[in-house]
Amino acid sequence: MPRNRLIYYSMPLIVLLLALLQSTVATQVMIRGVKPDLVLIVIVVATLVYGGQGGLLWAFIGGIGLDLFSGGPFGASSIALMMATLVAALGYRVLSRYHLFVPLGAAALGTLIYSLVYLGILNGLNTAAQLPLLATWAIPEHAIPLWATVQQIVIPAMVYNTTLVLFMTPLLNRVPEQQELDRF
1 MPRNRLIYYS
11 MPLIVLLLAL
21 LQSTVATQVM
31 IRGVKPDLVL
41 IVIVVATLVY
51 GGQGGLLWAF
61 IGGIGLDLFS
71 GGPFGASSIA
81 LMMATLVAAL
91 GYRVLSRYHL
101 FVPLGAAALG
111 TLIYSLVYLG
121 ILNGLNTAAQ
131 LPLLATWAIP
141 EHAIPLWATV
151 QQIVIPAMVY
161 NTTLVLFMTP
171 LLNRVPEQQE
181 LDRF
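Residue numbers (the numbering used here): 1 to 184.
If you want it as structure tokens, here you go:
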């Protein structure tokens, strides 16, 4: 089996392992309270190499892993990662991933989209929990200050993730262009 195909088919296991590492070990490399989004970074890079179809599947699996290991709302990370993958997929055929700004832009925009979609889901769930229909359950309110979160977490995470992708770009450019894989 060619190496590219082996990596392609082992990506679900890789993103699950990264989800576990992101939920445990990544807290040791925090900078100013922000840890790297390992799953997001690898999915963005893999999507630039293998395309959006595989990227969406890996984003779904990685998001489920993140939600299982972090205790977040089940499915929220998957939806957010899949939206970020759609942005990164533009760099697969439309733009050239060999241009430095394509992976950096995909990482920055992917992080922004991922974070905003995830925050939107959390705020939506908070609003839904306060509906009169659910008031008898006494669900505590957890309002998230959106602008403060964007300033203190999202923007630094964008810088952190983009910097990590900058260091991964030479490795990304060594991977040959992937032709369409045979349908399984």
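Cβ coordinates follow ideal geometry from the N, Cα and C atoms, glycine included.
Outcome for Pro-132 when other beta-carbon atoms lying within 10 angstroms are tallied against a minimum of 16: Exposed: under 16 other Cβ atoms inside 10 Å.
Less than 8 Å separating the beta-carbons of Leu-104 and Met-158? Taking the C-beta atoms as reference points, Met-158 is found no nearer than 8 Å to Leu-104.
Sufficient close CB pairs (3 or more, under 8 Å) joining the region 25-40 to the region 159-171: Between the region 25-40 and the region 159-171 there are three or more C-beta pairs closer than 8 Å, enough to call the two in contact.
Per DSSP, what kind of secondary structure is Val-42 in: helix, strand or coil? Helix at Val-42.
Over what stretch of residues does the alpha helix (DSSP H) that includes Ala-88 continue unbroken? That run of the alpha helix (DSSP H) goes 76-88.
So the alpha helix (DSSP H) Thr-136 belongs to, where does it begin and stop? First-last for Thr-136: undefined, no H or E at that position.
Can you give the beta carbon distance from Tyr-50 to Met-83, rounded, assuming they're within the 8 Å contact cut? Contact doesn't hold; Cβ gap of about 18 Å is too wide.
Cutoff 7 Å; reference Leu-166; Cβ partners in own chain excluding five residues on either side: Counting only Cβ-Cβ distances below 7 Å, and skipping sequence neighbours, we find Leu-104.
In three-state DSSP terms, what is Val-175? Coil, per DSSP.
Where do the ends of the alpha helix (DSSP H) carrying Gly-33 lie? Taken as a continuous stretch (DSSP letters only), Gly-33 belongs to no alpha helix (DSSP H), as it is neither H nor E.
When you compare each of Ala-89, Leu-68 and Met-30 to Leu-57 by their alpha carbons, which one comes out closest? Nearest C-alpha to Leu-57: Ala-89.
Measuring alpha carbon to alpha carbon, tell me which residue in Ala-148, Gln-130 and Thr-149 is nearest Pro-140. Of the candidates Ala-148, Gln-130 and Thr-149, Gln-130 places its Cα closest to the Cα of Pro-140.
7 Å Cβ shell around Pro-185 - same chain, five flanking residues per side excluded: Residue 185 is absent from the model: the chain starts at 1 and stops at 184.
For Ala-143, the three-state DSSP class (helix, strand or coil): Coil, per DSSP.
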